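Peer 1: Heads up: the sequence shown is residues 110 to 279, going by our numbering.
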Amino acid sequence: MNTLNLMLPYNFFVLNLVNITWSDILFAIKQRFLTYEAAIEHAIHVINREELPSNDVIELACLDKEEDIDLYLDKLSSSISEKDYSMAKEKNLYLILKWVFENKNNYSDPLEVVECIYADFDYPEEISRFVRYMPTNQPMLYSLELNIERLYKNWNDYLEKQKKRYSVSD
């Protein structure tokens with residue numbers, strides 16, 4: 110997974126998700142979309158937000174970036190259910206696609222990036238409408254440019270739908 114070695118800043122998660130869970134952070138770290146330092150940043154975020162954070166969260170927040178945080182990640186992830194993992198995967202898919210869309214001018218072929226993400230996430234049906242090589246139930250348009258424009262519109266529609274589901278309201 111993460112064939113393209115995409116790395117997102119932790120702040121992108123904070124600014125775009127209503128409720129960031131340890132499942133979201135751990136999934137992103139394990140798939141290398143976030144660095145280990147993001148776990149420390151998230152622990153600090155949790156401490157600032159909660160009245161009584163767990164001792165594991167407090168200890169994690171106090172670690173240096175060079176210290177081994179795997180022990181704390183293992184403790185925090187021990188209670189993550191299959192449902193939590195699935196939701197974290199969906200949230201990460203949304204955030205990664207949002208990141209690429211917002212930064213599409215930095216990629217020579219953003220739709221190729223989408224194709225790699227599609228494969229990395231085991232071909233999720235919900236994004237197939239903007240994967241170039243997937244068949245469409247929409248009629249073909251009169252030019253390649255119009256068909257590509259429609260893919261970008263479908264991508265944007267997906268992001269808007271997911272934003273309503275996961276994002277901090279504007």
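Every residue gets a Cβ at the ideal spot worked out from N, C-alpha and C, and that includes glycine. Bear in mind that the values here come from a model prediction, so they are computed numbers and not experimental data.
Please determine if the stretch 112 to 132 and the stretch 169 to 189 are in contact, where contact requires at least 3 C-beta pairs separated by less than 8 Å.
Peer 2: The stretch 112 to 132, when compared against the stretch 169 to 189, does touch it at the 8 Å Cβ threshold.
Peer 1: Along the chain, where does the alpha helix (DSSP H) that runs through residue 165 open and close?
Peer 2: Reading the sequence shown from its first residue, position 56 is the one you call residue 165. Its alpha helix (DSSP H) spans residues 164 to 170.
Peer 1: Measuring CB atoms only, is the stretch 147 to 164 touching the stretch 225 to 233, in the sense that at least three cross pairs come out at less than 8 Å?
Peer 2: No contact exists between the stretch 147 to 164 and the stretch 225 to 233.
Peer 1: Contact between the stretch 190 to 197 and the stretch 228 to 247: three or more CB pairs below 8 Å?
Peer 2: The answer is no - the stretch 228 to 247 does not touch the stretch 190 to 197, with fewer than three Cβ pairs under 8 Å.
Peer 1: CB-CB under 7 Å to residue 125, same chain, minus the five flanking residues each way: which ones, in chain order?
Peer 2: As a position in the sequence shown, residue 125 is number 16, starting the count at 1. If we look at residue 125 and ignore the five residues flanking it on each side, its Cβ neighbours are 204, 207, 276, 277.
Peer 1: Can you list the beta strand (DSSP E) stretches of 3 or more residues lying completely in the stretch 230 to 270, in chain order?
Peer 2: Within the stretch 230 to 270, no complete beta strand (DSSP E) run reaches 3 residues.
Peer 1: Is it a yes or a no for the stretch 232 to 245 touching the stretch 264 to 274, going by three-plus beta-carbon pairs under 8 Å?
Peer 2: The stretch 232 to 245, when compared against the stretch 264 to 274, does touch it at the 8 Å Cβ threshold.
Peer 1: Tell me the rounded alpha-carbon separation between residue 122 and residue 151.
Peer 2: Translated into the one-based positions of the sequence shown, residue 122 becomes position 13. Translated into the one-based positions of the sequence shown, residue 151 becomes position 42. In a straight line, the C-alpha of residue 122 is about 10 Å away from that of residue 151.
Peer 1: Helix, strand or coil for residue 150, going by three-state DSSP, please let me know.
Peer 2: For the purposes of this step, residue 150 is taken as the residue at position 41 of the sequence shown. Reduced to three states, the DSSP call for residue 150 is helix.
Peer 1: Going by beta-carbon coordinates alone, are residue 148 and residue 180 separated by less than 9 Å?
Peer 2: Residue 148 sits at position 39 when you count from the first residue of the sequence shown. Residue 180 sits at position 71 when you count from the first residue of the sequence shown. Result no, Cβ atoms of residue 148 and residue 180 do not sit closer than 9 Å.
Peer 1: Would you kindly work out how many angstroms separate the C-alpha atoms of residue 271 and residue 260, rounded to a whole number?
Peer 2: Within the sequence shown, the letter at position 162 stands for residue 271. Within the sequence shown, the letter at position 151 stands for residue 260. For residue 271 and residue 260, the distance between alpha carbons rounds to 17 Å.
Peer 1: State the CB to CB distance for the pair residue 142 and residue 115, rounded to an integer number of angstroms; the pair is presumed to be in contact (CB under 8 Å).
Peer 2: Sequence index remark: in the sequence shown, residue 142 carries index 33 (1-based). Sequence index remark: in the sequence shown, residue 115 carries index 6 (1-based). Indeed they touch by this definition, with Cβ atoms about 6 Å apart.
Peer 1: Use the C-beta contact count for residue 251: other C-beta atoms within 10 angstroms, 16 or more gives buried, fewer gives exposed.
Peer 2: On the sequence shown, position 142 is the one that residue 251 refers to. Under this definition residue 251 is an exposed residue.
Peer 1: To the nearest angstrom, report how far apart residue 257 and residue 113 are at their CA atoms.
Peer 2: Here residue 257 refers to the residue found at position 148 when the sequence shown is read from its first residue. Here residue 113 refers to the residue found at position 4 when the sequence shown is read from its first residue. Taking the straight line from one Cα to the other gives about 22 Å.
Peer 1: From this set, 153, 253, 162, which residue's C-alpha is nearest residue 172's C-alpha?
Peer 2: Here residue 172 refers to the residue found at position 63 of the sequence shown. Nearest of 153, 253, 162 to residue 172, Cα basis: 153.
Peer 1: Determine the direct distance from the alpha carbon of residue 200 to that of residue 273, and round the result to whole angstroms.
Peer 2: As a working mapping, residue 273 is identified with position 164 in the sequence shown. As a working mapping, residue 200 is identified with position 91 in the sequence shown. Roughly 12 Å separates the two Cα atoms.
Peer 1: Could you check if residue 255 is buried or exposed, using at least 16 other CB atoms within 10 Å of its CB as the buried criterion?
Peer 2: As a working note, residue 255 is residue 146 in the sequence shown. So residue 255 counts as exposed.
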